[in-house]
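Q:
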Amino acid sequence: MDLQTAAGLVPLLGWAVHGGIMTRRLATARRDPLTGLHTRAGWTARAEHLIRRHPTAAVLLVDLDHFKALNDTHGHAAGDAALVETANRLRTWCGHKGTAGRLGGDEFVAVVQELAAVDLDALTAALHQPLHHAGMSLPLPASVGVCRIAELPVPLLTDALAAADAAMYAAKGRGRRGSNTSR
Numbered sequence: 059m060d061l062q063t064a065a066g067l068v069p070l071l072g073w074a075v076h077g078g079i080m081t082r083r084l085a086t087a088r089r090d091p092l093t094g095l096h097t098r099a100g101w102t103a104r105a106e107h108l109i110r111r112h113p114t115a116a117v118l119l120v121d122l123d124h125f126k127a128l129n130d131t132h133g134h135a136a137g138d139a140a141l142v143e144t145a146n147r148l149r150t151w152c153g154h155k156g157t158a159g160r161l162g163g164d165e166f167v168a169v170v171q172e173l174a175a176v177d178l179d180a181l182t183a184a185l186h187q188p189l190h191h192a193g194m195s196l197p198l199p200a201s202v203g204v205c206r207i208a209e210l211p212v213p214l215l216t217d218a219l220a221a222a223d224a225a226m227y228a229a230k231g232r233g234r235r236g237s238n239t240s241r
């Protein structure tokens, strides 16, 4: 290779490196750094795709109950452990038939292709398992709100999220550890 050819390849190499860096940054921006779950933007794109392909899909919102008290009493490391464990439980429950995300704080979201009552019971049971952290067994209660896409007049993700949010707050309002289905 002559000097002129080599000089022509240098800018191409620079652009290739720059492209790789930008791709990694975009991928990182779509993942929550603590839990590894999709952020709102990354999850939304996947959820909309799944809803279009599966009219039997369901959207779930999960909120940790008394998270501030856990954080204040046991420290931020315990709070972070609770968030990571909740993310792992939700990710495992979704498996290959759905996707999970973290909207922020202690609020999580999932969409699955189809939701049976037994599936929801399994999720609720998994979420309510105590968290073992620093030699302690800490309660990890969560409220779950569900919206089945087929029960909406128009299958829109925004409407499903609003209905799941209302169902989640209804579950919190009843003081129940568990889930509630709306729409």
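Residue numbering for the sequence shown follows the numbering used here, starting at 59 and increasing by one per position. Where is the CB? At the ideal position from N, CA and C, for every residue including glycine.
Excluding sequence positions up to five away, which residues of its chain have a Cβ less than 6 Å from the Cβ of D217?
A: Within the sequence shown, numbered from 1, the residue matching residue 217 stands at position 159. Taken in chain order, the residues that qualify are L210.
Q: So L219 is in the alpha helix (DSSP H); what residue range does that whole segment cover?
A: Position 161 of the sequence shown, counted from the start, is the residue given in the question as residue 219. Start and end: L215 to G231.
Q: Measuring CA to CA, which of D121, A145, A158 and D179 is closest to R98?
A: By 1-based counting over the sequence shown, the position of residue 98 is 40. Selected option, being the one with the closest Cα: A158.
Q: Let's see if you can read the secondary structure: which residues bound the alpha helix (DSSP H) around T182?
A: Against the sequence shown, residue 182 aligns to sequence position 124. A175 to L185 is the span of the alpha helix (DSSP H), which, as asked, contains T182.
Q: Would L181 pass as a contact of A105 if the rule is Cβ separation under 7 Å?
A: As a working mapping, residue 181 is identified with position 123 in the sequence shown. As a working mapping, residue 105 is identified with position 47 in the sequence shown. Against a cut-off of 7 Å, the Cβ pair of A105 and L181 comes out as no contact.
Q: Given this structure, state the Cα-to-Cα distance separating A229 from V204, to the nearest angstrom.
A: Taking the first residue of the sequence shown as position 1, residue 229 is located at position 171. Taking the first residue of the sequence shown as position 1, residue 204 is located at position 146. Near 10 Å, if we compare the C-alpha coordinates of V204 and A229.
Q: Just to confirm, is the Cβ distance from R149 to L185 under 7 Å?
A: To locate residue 149, count along the sequence shown from 1; it is residue 91. To locate residue 185, count along the sequence shown from 1; it is residue 127. Taking 7 Å as the Cβ cut-off, R149 and L185 do not qualify as a contacting pair.
Q: Can you name the residues that DSSP bridges to E165?
A: To locate residue 165, count along the sequence shown from 1; it is residue 107. Its beta-bridge partners are D121 and G162.
Q: With V169 and A225 assumed to form a contact (beta carbons below 8 Å), what rounded beta-carbon distance in angstroms separates them?
A: Here residue 169 corresponds to residue number 111 of the sequence shown, with the count starting at 1. Here residue 225 corresponds to residue number 167 of the sequence shown, with the count starting at 1. Wrong, their Cβ atoms sit about 15 Å apart, outside the cutoff.
Q: Can you give me the Cβ contacts of S201 inside the same chain, cut-off strictly under 7 Å, excluding the 5 residues immediately before and after it?
A: Stepping through the sequence shown from its first residue, residue 201 is reached at position 143. Result list for S201: D121, D123, M226, A229 and K230, in chain order.
Q: Going by CA-CA distance only, name the one from Q187, A140, D138 and I109 that's closest to K155.
A: Residue numbering aside, residue 155 sits at position 97 when the sequence shown is read from its first letter. Of the listed residues, the one whose Cα sits closest to K155 is I109.
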